[in-house]
Amino acid sequence: MLKKSEGTAIFREIKDKPTTHLEIELAAELEKDHTNFLVQNESLKAVWSCLKSAKLLYYELIEYHRSIFASLYEANGTGKEKFMRFQIEWHRYCSIFLLPKDVPINIMIQDNLSQDFSKIQKAWFSFCEASSPTDWAPCNKVMIMISSAIYSVLLKYVHNTTTLSVVTDPASQLEDSDDVYFRFGGAAICEMLYVHYKLIKK
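Using UniProt numbering, the letters of the sequence shown map in sequence onto residues 1 to 202.
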């Protein structure tokens, strides 16, 4: 479990990490996990290309995800039960981009910052209308992939940083591939978001 001082330092580093660095790491994560979808599916490829060209919105989305990751993980990220609660909260805050336009944001989140969050949500909706006016499904799928990839990038950073800061017997340390909570992260959130997206479509 993180000491308070260690946690504060880690989350400060996450918040101070240059957006351009996160952009590079996000692209690498998407290439690793979703290349087939983004290259072979023409509609997804078109939306992804448009989003990368819309730098201001793209960076705002990265910043939104970075901000909620840091605040939610700091509040819910230690202990197995708290970690599961963090995942649920992350899913809820990411789902604002999958809501129908006529559904208010406070259906998903009751937060003092919900008005600020609604601005980035509306910017995303405007992008979807412009890039895929007749069918938002490709936009929703791209958003799910982005949310999952950013989650994985930031969770790896926290995981690797805390692993390095703890001195233990090397023989007793778990490899990333053996850590069920580490492996569960991105795939589970991606699946949860996709299930939520399908429910919204119904």
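Quick reminder that beta carbons are idealized off the backbone N, C-alpha and C, glycines included. These numbers were taken from a predicted model, which means no experiment stands behind them.
Please report the distance separating the alpha-carbon of phenylalanine 11 from that of glutamate 89. Position 11 of the sequence shown, counted from the start, is the residue given in the question as residue 11. Position 89 of the sequence shown, counted from the start, is the residue given in the question as residue 89. So the two alpha carbons sit approximately 17 Å from each other.
Helix, strand or coil: how does DSSP classify proline 100 here? Here the question's residue 100 lines up with position 100 in the sequence shown. Reduced to three states, the DSSP call for proline 100 is coil.
For glutamine 121, the three-state DSSP class (helix, strand or coil): In the sequence shown, residue 121 corresponds to position 121, counting from 1. Reduced to three states, the DSSP call for glutamine 121 is helix.
Which listed residue (Cys50, Gln121 and Glu25) has its alpha carbon closest to that of proline 100: The residue labelled residue 100 in the question sits at position 100 within the sequence shown. Out of Cys50, Gln121 and Glu25, Gln121 has the C-alpha closest to the C-alpha of proline 100.
How big is the Cα-Cα spacing for aspartate 176 and serine 152? Counted from its first residue, the sequence shown places residue 176 at position 176. Counted from its first residue, the sequence shown places residue 152 at position 152. Summary for aspartate 176: the model assigns pLDDT 44, below 50, so the residue's position carries little reliability, and this model does not support an answer.
Assumed close pair valine 142, leucine 61 - CB separation to whole angstroms, cut-off 8 Å: Numbered from 1 along the sequence shown, position 142 holds the residue referred to as residue 142. Numbered from 1 along the sequence shown, position 61 holds the residue referred to as residue 61. The pair is not a contact, with the Cβ atoms about 10 Å apart (cut-off 8 Å).
Residue interval of the alpha helix (DSSP H) (run including asparagine 76): Within the sequence shown, numbered from 1, the residue matching residue 76 stands at position 76. 55-76 is the span of the alpha helix (DSSP H), which, as asked, contains asparagine 76.
Reference phenylalanine 125; option with closest CA among Lys32, Asn140 and Arg85: Within the sequence shown, numbered from 1, the residue matching residue 125 stands at position 125. When each option's Cα is compared against that of phenylalanine 125, the closest is Asn140.
To the nearest angstrom, report how far apart lysine 17 and alanine 27 are at their CA atoms. Indexing the sequence shown from 1 puts residue 17 at position 17. Indexing the sequence shown from 1 puts residue 27 at position 27. Using only the alpha carbons, I get a separation of about 16 Å.
Measure the alpha-carbon distance for phenylalanine 69 versus leucine 56 and round it to whole angstroms. For the purposes of this step, residue 69 is taken as the residue at position 69 of the sequence shown. For the purposes of this step, residue 56 is taken as the residue at position 56 of the sequence shown. In a straight line, the C-alpha of phenylalanine 69 is about 20 Å away from that of leucine 56.
In whole angstroms, what separates the C-alpha of alanine 130 from that of glycine 79? As a first step, residue 130 is located in the sequence shown; it is residue number 130 there, counting from the start. As a first step, residue 79 is located in the sequence shown; it is residue number 79 there, counting from the start. Using only the alpha carbons, I get a separation of about 43 Å.
Of the choices Ala46, Ile14 and Thr19, whose alpha-carbon is the least far from that of alanine 137? Taking the first residue of the sequence shown as position 1, residue 137 is located at position 137. Per the Cα distances, Ala46.
Serine 148 burial status per 10 Å Cβ neighbour count (16 or more: buried): Translated into the one-based positions of the sequence shown, residue 148 becomes position 148. Buried, since its Cβ has 16 or more Cβ neighbours within 10 Å.
For methionine 84, the first and last residue of its enclosing alpha helix (DSSP H): Residue 84 sits at position 84 when you count from the first residue of the sequence shown. Methionine 84 -> alpha helix (DSSP H) spans 80-94.
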